[in-house]
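Mind the numbering: the sequence shown is residues 17 to 1095 in our numbering, read in order.
In this text, a Cβ means the ideal position worked out from N, Cα and C, and glycines have one as well.
Report on the following structure.
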Amino acid sequence: MNAILASHWMILGDMTVPRLMAQESAALIILAASLLVFRTFRERYLLIWILGWLAYFISRWTLHGSFDPDSLPRYLTAISHAEFILAVCLFAAAVFVYTNSRAFLLPLLLITLCIIAYAATRAMLWPDSVTLRVALETSYRLIAFIASIQLIRFRWARWEIGAWLLSFSLLLLHLTWAPITAHLPPGFSLMGSVLLGLSMLLVIFDDHRLRTRRLAVINALTTAITRAQQHGPMMATALEELKELMQASAAWIRLLEDDKMVIAQQIGLSQDYLRERGAVQLDDTLEHVLREGTAKVMKTSALPEHIQPYLKGERFHHIVLVPILGKKSPIGTLALGSRHHLSYTPEEIEFLTTSAHQLGLAIENLRLVEQILRSQRQWTNTFDSIHDFVLVHDSEFRVIKANHAILQRLERAPADVVGNLCEAVLPRNYGQWSGCPYCHGNDEGFYEGTDPCFGGYSMISTSSYMEQGSKQKGTIHVVRDTTDRRIAEEKYRLLFEQVQEGVFVATPEGKLLDCNDAFLRMLGHTSREDLMALNVDTELYASSEQRELFRREVELHNYVRNFEVTLRRKDGTLLTAMESSFATRNAQGKIERYQGFLLDITEKKRAEDEIRRRNRELNALNAMAVIATQSFDLDEILNLTLRQVMSLLGAETGSIYLSDSDEKTFRRRAGWGQRSTERARFSEVKFSEGFGDLVTRSRTEVITAEYLPHLPPLVAEFIRADGLLSWIWVLLWGKDGPIGIMGISSRDNREYTSNDENLLVAIGRQLSTTIEKVRLYEETCRAYEDLRRTQEQLLQSEKMSAIGQLIAGVAHELNNPLTAILGYAQLLESEGLGQRAADFVGKLFKQAQRTHRVVQNLLSFARQRTPEKQQVDVRKVLQETLGLRDYDLRVNNIKLEPEFDPDLPAVTADPHQLEQVFLNVINNAVDAMLEVGKGGSLKVRLYSKDGDVFAEFQDSGPGIKEPHKIFDPFYTTKDVGKGTGLGLSICYGIVKEHGGDITARNVEGGGALIEIRLPSTSHIAVPEIVPQPPPREFAIEGRILLAEDEEAVLEFERDRRRRSGGHINECGRGARAAARRSV
């Protein structure tokens, strides 16, 4: 019966509860293990993981139940797929929670719901759709892949097997699908499930191991802090532990010092980084971390640009900045630098924050301990470094403490003194005492007198104290040896009383506290009480501005050195003193008194002023002497001298007048300062009566107000023309009389001293000598210039004479063939030629006559003759002169535009000199027009006006650069070798000798105009009538002797005489001589 029931029960169990396969059993075992682990490690991600395993188990159990897989209902397939998708998403959620990627949870939830609904719908409606199945497989594998990547990124570079194994196992999860599972080896799914479960357990165990290590580090830090006596080694230990635990490349601690963050300890940083970033300003990044009080992970690329190069030099991927908090405020930062990508859990960040806080408290405590020890050492060193004797005893006069100075004086060790009675330790060589030699009735304060132990004088400072927490009372004696000071005070007292400089002590309010006898004598007082009653600021100092300047200097520098002051004596006179004083201030820095010395420098000041005045005078005289020797420019010398005199004597205006050659007219050559209208009226003045008999007879050099009644009225008016209160004039005497006068004046009513007058006399004499020297130099220069000009004119005359001889020779040589040409032309005219030939012969004869006239003009121009004035027709002379340049004018395309007055009067002049003047002017006009190009026009005009004859020459050239210099000797604008600059100068002299005038100017529109004016004779010039020779008869009887050196002329005369019927006898040069002898 029982067997039957049991068999039925088994059948019923098999029908209701599916059997567990190996994969479902493994999943159930791992689920149970996870629950056991969760009891110990209650992690949130582990709870999510357990729920995922539960869903995974249900998915597998549903799929591999008692039903036949081939005939599995669609709804079970939908449930299995939905549970599997839920399991994968829960696994991914656990990973996201573990990696602190909580931002993925909400998107994961939405995606999970969508994929679950999609999986169930596909299994129910389209179970055989391959496309939809592929989409399902891709979706959950994508979620598993993202979770794996996030896990690997989170635990990157930590090399923990659990995280890597879990990432790999997540990728092995899959649904049962024949196209995929058919190619997998048997047991692959079981192995994947086991690895997935074990990997999560390994992750939990890795976290537990890290927690254990963090606790060990905390324990090591606590041990190091407990044992450390200095914060340096303690920080080094902490950095080493944290660096190893956090797998960092470097670790360092910066402590806040003023407004800088200074690296106090480091591990792993390079020397370059320490040198460049050892101490940095508190920037925004550090301020933010210190202000927030939380750790911050910062990538190198996200930091400010000025920090990135240093971190990149250390190859840091990121740094972790943790604030180090003290008891009240942040004291620094802990930094961990890593060269790899690392992620940090909240536990790790919290651990770093806790460790940094613990370090901060330890650093502060160690600093306080070091400060206490340093203060104790400083107090001990200060106590022993005091040169005064310091003795501390209790109420029973037992020595508690003695400093090194008193121990050295007693020649005892501290153990021999401390704890013993004062009577047993201190000597009694200089007096009897009991208890303590320095206690005087147990009064606190100062006592100065003889030292009962060591002799001499001493100042004793006594004070009492009560030990904290005890009623024991102690006394402290500070004994200072004042023997040397008493001796020095006596010396200084004698010095204060006997020193010749005035010594004083005064308050800032002006009350005199103390002074010596020299100060009394200096100010003319005999009673110290009377002087002490005076106010220094208002009654002793003559200048309030000076006193105020003294106050500012002392307030700024706390002293003055050689400060010049002006004081008032008792009798009211002023003295100049040199003050050197300093200020004494109270604890608040306020000036309590002035102390110093006064040295009377009144006489010294007067002597220095006299020396400076003498130096200025000597410098002025030297400057005038130098300019007189270096320059011959009289205006420069006069202006410099006048400026020196005005500067020396403080004048406002000044003038220097020099006499002309008549010694009566004076012209202003130099002037400075404001000039009145009256003085402007005297730019040139003539003293017809001179300077008066008194001044002339006595050769007075300085004219002051006392001379005014003895001066001529014009001279007096001249002197007082400036209208100023004070003035003085100096006569500049030459050998024969006054050559100039120099005067200065001022608005101030000043009285010139005898020293001033002597200075002016010296300057006037030197200036007179200089003026005569310059005038002599100028006369010498003029004489030399006249000599040079004469030499040039002589050379030009010789040159023109040679040119004239050459022209005469050439013209003479041309004259003979021209004579033959003219003769033959006349013979041809009488031959009865045809009309055309006769016309050609006439033109030939006309041009030959023209050539003959040119030659005759050249001969006339070159002929040497003595200037002889006669009545001249200017028109004829000008026409002949133009004929000389007619060829050049035509060749150079210069148009001649003559305009001659027909009723032109004659002038009395030398025609050849006029020809020279006209020719020179025409030549200059032609040269000027050729400078700017070929061609132009020359207008020549002759007319009479007001009894004078005017000749104008106007060219179309560039004009004259300096018309006022054109008639100066040797002035030329031509290139070197093209002109001497004497032509127009000679013309100017010729015209002036004829009583005329020559001027030059530029005309509007371009060109220059030369105008020559000559006085006329008021008679109309009558043209010269050339008498015509009477016609010669051709019939000649008798013999004719022809004598001629020129062969052409001889032949022409022979032919002409033969036509007239005469018998010709020819002879050569010797025959001509014989003929002359026979005649």
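Taking the beta strand (DSSP E) that V313 belongs to, which residues open and close that run? K312 to K315
Residue from P524, R496, L930 and R501 with nearest C-alpha to I1014: L930
Give the range of the alpha helix (DSSP H) segment to which P126 is assigned. Checking the sequence shown, residue 126 turns out to be Leu, not Pro. Residues L121 to L141.
In or out: P927 buried (at least 16 other Cβ within 10 Å) or exposed? buried
Neighbourhood of Y446 by C-beta, 6 Å cutoff - its chain only, sequence neighbours within 5 removed: P468 and G471
Which residue wins for smallest C-alpha separation from F966, given the options D943, P1031 and Y575? P1031
Integer Cβ distance of V519 from F613, believed to fall under 8 Å: 6 Å
Using the beta-carbon count (16 or more within 10 Å), is Y114 buried or exposed? buried
CA-CA distance, I74 and Y156? 17 Å
Let me check one thing: in DSSP terms, what residues is Y959 bridge-paired to? F966
Where are the alpha helix (DSSP H) runs, 4 residues long or more, that stay fully inside the region 525 to 608, in chain order? 533 to 538, 544 to 548 and 560 to 573
Note down the Cα distance separating M251 from N397, rounded to an integer number of angstroms. 30 Å
Spatial distance of L63 from T316 (CA atoms): 36 Å
Below 7 Å CB to CB, which residues in the same chain sit around G975 once its five sequence neighbours on both sides are set aside? N1018, G1022, G1023 and A1024
Cutoff 7 Å; reference Y959; Cβ partners in own chain excluding five residues on either side: D917 and F966
Close beta carbons around E257, own chain, < 7 Å, minus the five adjacent residues each side: V233, A236 and L237
Taking buried to mean at least 16 other C-beta atoms within 10 Å of its own C-beta, is E1020 buried or exposed? exposed
Looking only at its own chain, which residues have a Cβ that is under 6 Å from the Cβ of Q880, when we skip the five neighbours before and after it? Caution applies to Q880, whose pLDDT of 49 falls short of 50 and renders its modelled position unreliable; the value that the coordinates give is listed next. Excluding residues within five positions, none has a Cβ falling inside 6 Å.
Looking at the structure shown, is Q660 part of a helix, part of a strand, or coil, going by DSSP? helix
Sort S474, M216 and D533 by Cα distance to I177 and report the nearest one. M216
Find the nearest neighbour of R90 within the set A119, W65, A135 and E795, judged by alpha-carbon distance. A135
In three-state DSSP terms, what is D651? helix
Below 8 Å, how does it come out for the region 287 to 294 and the region 306 to 315: are there three or more Cβ pairs, yes or no? no
Coarse secondary structure for M262, derived from DSSP in three states: coil
What residues match up with G353 in a beta bridge as DSSP calls it? A266 and I335
Output the boundary residues of the beta strand (DSSP E) element that contains I416. V415 to A418
Looking only at C-alpha atoms, which of L747, A721 and A737 sits nearest to T712? L747
Between T867 and N831, what straight-line distance do the alpha-carbon atoms span, to the nearest angstrom? 9 Å
Chain-order list of residues whose beta-carbon lies under 7 Å from that of R60 (same chain, five-residue window excluded): V113
For D400 and H393, the rounded distance between their alpha carbons: Looking at the sequence shown, residue 393 is not His but Arg. So the two alpha carbons sit approximately 10 Å from each other.
If you reduce the DSSP assignment to three classes, tell me which class F682 lands in. strand
Just to confirm the assignment, what range does the beta strand (DSSP E) spanning L158 have? It is not in any beta strand (DSSP E) - L158 instead sits in the alpha helix (DSSP H) that spans V146 to F170.
Candidates E1009, V933 and V948: closest to I1026 by CA position: V933
Beta-carbon proximity of A421 to H403, cut-off 7 Å: yes
Give a yes or no on whether the C-beta atoms belonging to L106 and L167 are separated by under 7 Å. no
Does K981 come out as helix, strand or coil in the three-state DSSP assignment? helix
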